[in-house]
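Shown next, in structure tokens, is the structure this report addresses.
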Ligand SMILES: Cc1ncc(COP(=O)(O)O)c(C=O)c1O
Ligand code: FES
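Residue numbers (our numbering), protein chains in the order written: chain A, 367 to 773; chain B, 531 to 660.
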């Protein structure tokens, strides 16, 4: 079995550009390099046409009816900030309350923290052990001051898919805008802004086999017409919502990636799901004390977040250094706190320290999965043999009753 | 995270992994850290009649730097008297393994583990003497 290493299984962090996407993009660096705002000459018009085509591809991938609603940005971080701060600033007369969820991406959470410093009030909803938002809690949190609800589509750590359609319906009934960060969702799970009653939707090319540095915010134009205050000011591009010369080549790539994502979603998601099942079955056949983090069924196909009890995550990553994955362990990050997402699910800190996130994507193969199962099994076994916790558990000690000397 | 060659070496070929019988009066056992902090170290020493540490073992739940720190600690205490072993400082471990600032606590834990093992041994000896 000859697999080529290193193996990339970190597709939540970013994805490899699809060669078809790169091919579509390249002419826009050298031949068609015009500024899309230069309407007076052919270079500009070719660039503008290419951008318009990309807008249509992007709109189709999310079920939008018109491509006039796509605002091109530098990525999901910017789109998140534009949606949240832009709506809060535009509608501050109407109310000063926003609702989001404590497992959102940092870009969403920190945009809310910034608004809190300006005097807005924010409710950070908890999630259940499955990682999902409780609709009754969401409904109860809404007041007549609530102007925006922000809930992501697919969580970047545990892959759970929130009940978007129900959340959207609730927001619509209550007359509250609904923003969804779908960075991890496009091409992985079906997204339809109309059926799901979404008002604002953020996404980014590099999570869907496109290049880094380009993203979009879809902004509903009809029923209701959503208005935003821009983050920065300048030449008035993107209907005044996002000034700055358009990154034509990246946008062309983003459009091509969106078209592929929409077209290949059915086939790709079932293929990726089969790979994930293979990985999960293999790991559980070989190892005991393997815990799944987050709900099993409401989960994007490529995500598997598991805790290998009694083996610290960073030491495991070090052992499987020919496989690219990430860990929720604090030791892999600059902080001493393990993943806030796992904490929010109520996962014990000790299990959070042992978590690994596998992100399976378009380019992974069965051979790579089999290799990964074998390597993880080997390293977890070796590290458990040198884990004092594993030793205690084998001796029948209940770790919860031990008087630990923390530091 | 870029690991130093020495950390990698201890991680890949840890010295003295294992356990000594903890009820043996000549064995001192130190367990420090806590699972919810992401690191637990167990370090054991066996002390000969001449007061010299003749054997050491460790098991560690923690990052690669923690594993390397405890592996190194077992190497260093071997052949030392109790007094000499007590002089090993975490800064010596940081220097030897070239640990970056965020990994200093892993070396602190190793120093604590040595002290805990020494204290356990002394307490046992005092108990049998008394
Ligand atoms: C859910 C989510 N939102 C936002 C982002 C940020 O995206 P970008 O890197 O395009 O700014 C990411 C990627 O890390 C993400 O996973
Ligand atoms: S054990 Fe956590 S950083 Fe070393």
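The C-beta atom is built at its ideal place from N, Cα and C for all residues, glycine as well.
Practice prompt. Kindly confirm or deny that the region 542-560 of chain A and the region 684-693 of chain A touch, where touching means at least three C-beta pairs closer than 8 angstroms.
Written response: Contact between the region 542-560 of chain A and the region 684-693 of chain A is absent, because fewer than three Cβ pairs lie under 8 angstroms.
Practice prompt. Please list the partners that residue 719 of chain A has in chain B, where partner means a Cβ-to-Cβ separation under 7 angstroms.
Written response: The answer, in chain order, is 568.
Worksheet item: Are any of the Cβ atoms in chain B nearer than 8 angstroms to that of residue 746 of chain A?
Response: So no, residue 746 of chain A is outside the interface.
Worksheet item: So is residue 680 of chain A in contact with chain B if we call contact Cβ pairs under 8 angstroms?
Response: Yes, residue 680 of chain A lies at the interface with chain B (some Cβ there is under 8 angstroms from its Cβ).
Discussion item. So, does the region 468-484 of chain A touch the region 434-454 of chain A, judging by three or more C-beta pairs under 8 angstroms?
Written reply: Contact holds: three or more Cβ-Cβ distances are below 8 angstroms.
Worksheet item: Cβ of residue 562 of chain A within 7 angstroms of any heavy atom in ligand 1?
Response: Residue 562 of chain A Cβ: outside cutoff for every heavy atom of ligand 1.
Discussion item. At the level of alpha carbons, what is the spacing between residue 535 of chain B and residue 566 of chain A?
Written reply: C-alpha separation (whole angstroms): 49 angstroms.
Item to complete: Can you give me the Cβ contacts of residue 595 of chain A inside the same chain, cut-off strictly under 6 angstroms, excluding the 5 residues immediately before and after it?
Response: Around residue 595 of chain A: 452, 455 and 456.
Discussion item. Taking the alpha-carbon of residue 821 of chain A as reference, which of A/381, A/416, A/385 and A/507 has the nearest alpha-carbon?
Written reply: Within the shown structure, residues of chain A are numbered from 367 to 773, placing residue 821 of chain A beyond reach of any answer.
Item to complete: May I ask whether a heavy atom of ligand 1 can be found less than 7 angstroms away from the beta carbon of residue 441 of chain A?
Response: Checking the Cβ of residue 441 of chain A against ligand 1 gives yes.
Worksheet item: Between residue 504 of chain A and residue 465 of chain A, is the Cβ-Cβ spacing less than 8 angstroms?
Response: Contact: yes.
Worksheet item: How far does the alpha helix (DSSP H) with residue 465 of chain A in it reach, from first residue to last?
Response: Where residue 465 of chain A is concerned, there is no enclosing alpha helix (DSSP H), although the beta strand (DSSP E) it sits in stretches over 463-467.
Worksheet item: Is it buried or exposed for residue 523 of chain A, if we count other Cβ within 10 angstroms and need 16 for buried?
Response: Buried.
Discussion item. Considering only the alpha carbon of each residue, which of A/540, A/634, A/682 and A/526 lies closest to residue 509 of chain A?
Written reply: Closest option to residue 509 of chain A, Cα to Cα, is A/540.
Worksheet item: Hey, is residue 590 of chain B close to ligand 1, as in C-beta under 7 angstroms from one of its heavy atoms?
Response: Between ligand 1 and residue 590 of chain B, a heavy atom-to-CB distance of less than 7 angstroms is absent.
Discussion item. Can you look up residue 574 of chain B in the DSSP assignment and give me helix, strand or coil?
Written reply: DSSP, read as helix, strand or coil, puts residue 574 of chain B in strand.
Practice prompt. Could you name the residues of chain B that residue 765 of chain A contacts, counting a contact when the two beta carbons are closer than 8 angstroms?
Written response: Against chain B, the beta carbon of residue 765 of chain A has neighbours under 8 angstroms at 565, listed in chain order.
Worksheet item: Quick check: the region 755-764 of chain A against the region 607-624 of chain B, are there 3 or more CB pairs under 8 angstroms?
Response: Flag = no, the region 755-764 of chain A and the region 607-624 of chain B do not touch.
Practice prompt. Sort out for me which residues DSSP pairs residue 584 of chain A with in a bridge.
Written response: Paired residues: A/436 and A/567.
Fill in: Closer than 8 angstroms at the beta carbon, the chain A residues around residue 597 of chain B
Within chain A, the residues near residue 597 of chain B are 681 and 752.
Discussion item. Measuring only the C-alpha atoms, how far is residue 624 of chain B from residue 600 of chain B?
Written reply: Using only the alpha carbons, I get a separation of about 12 angstroms.
Worksheet item: Would you call residue 430 of chain A buried or exposed, if buried means 16 or more other Cβ atoms sit within 10 Å of its Cβ?
Response: Here residue 430 of chain A is buried, its C-beta having at least 16 other C-beta atoms within 10 Å.
Worksheet item: Residue ranges of each alpha helix (DSSP H) run of no fewer than 4 residues wholly in the region 530-575 of chain A, ordered along the chain?
Response: Within the region 530-575 of chain A, the complete alpha helix (DSSP H) segments at least 4 residues long are 530-540, listed from N- to C-terminus.
Worksheet item: How would you label residue 537 of chain B, buried or exposed, when you count the other beta carbons within 10 angstroms and need 16 or more for buried?
Response: The residue is buried, with at least 16 neighbouring Cβ atoms inside 10 Å.
Worksheet item: At which residues does the alpha helix (DSSP H) containing residue 455 of chain A begin and terminate?
Response: Segment 442-456, the alpha helix (DSSP H) holding residue 455 of chain A.
Item to complete: Please decide whether residue 630 of chain B counts as near chain A, where near means a Cβ-Cβ distance under 8 angstroms.
Response: For residue 630 of chain B, not one C-beta of chain A is nearer than 8 angstroms to its own C-beta.
Fill in: Nearest residue (CA-CA) to residue 729 of chain A, options A/572, A/651, A/612 and A/638
Of the candidates A/572, A/651, A/612 and A/638, the residue whose Cα lies closest to the Cα of residue 729 of chain A is A/638.
Worksheet item: Cβ of residue 544 of chain B less than 8 angstroms from any chain A Cβ?
Response: It does: the Cβ of residue 544 of chain B has a partner Cβ on chain A nearer than 8 angstroms.
Discussion item. Once the 5 residues before and after residue 679 of chain A are set aside, which same chain residues still bring their CB inside 8 angstroms of it?
Written reply: A distance below 8 angstroms between beta-carbons, with the five flanking residues on each side excluded, links residue 679 of chain A to the following residues of its chain, in chain order: 693, 694, 695, 697, 698, 719, 720, 721 and 722.
Worksheet item: If you count every other CB in all the chains shown that lies within 10 Å of the CB of residue 667 of chain A, and 16 or more means buried, which is it?
Response: Buried is the call here.
Worksheet item: Where does the unbroken alpha helix (DSSP H) through residue 472 of chain A begin, and where does it stop?
Response: Run containing residue 472 of chain A: 472-483, per the alpha helix (DSSP H) assignment.
Worksheet entry | heavy atom of ligand 1 below 7 angstroms from residue 581 of chain A C-beta | At a threshold of 7 angstroms, residue 581 of chain A counts as near ligand 1, since its beta carbon sits closer than that to one of the ligand's heavy atoms.
Worksheet item: Closer than 8 angstroms, CB to CB, is residue 672 of chain A near chain B or not?
Response: No Cβ of chain B is located within less than 8 angstroms of the beta carbon of residue 672 of chain A.
Discussion item. Determine, for residue 372 of chain A, whether the minimum Cβ-Cβ distance to residues of chain B falls below 8 angstroms.
Written reply: Closer than 8 angstroms: no.
Discussion item. Short of 8 angstroms in beta carbon distance, which residues of its chain neighbour residue 583 of chain B, apart from the five on each side in sequence? Order them along the chain.
Written reply: Non-local beta-carbon contacts of residue 583 of chain B in its own chain, meaning distances under 8 angstroms to residues more than five positions away in sequence, involve 575, 576, 577, 607, 608, 609, 610, 611, 612 and 615 in chain order.
Item to complete: Using only alpha-carbon positions, find the residue among A/432, A/590 and A/512 that is nearest to residue 461 of chain A.
Response: Among A/432, A/590 and A/512, the Cα nearest to that of residue 461 of chain A is on A/512.
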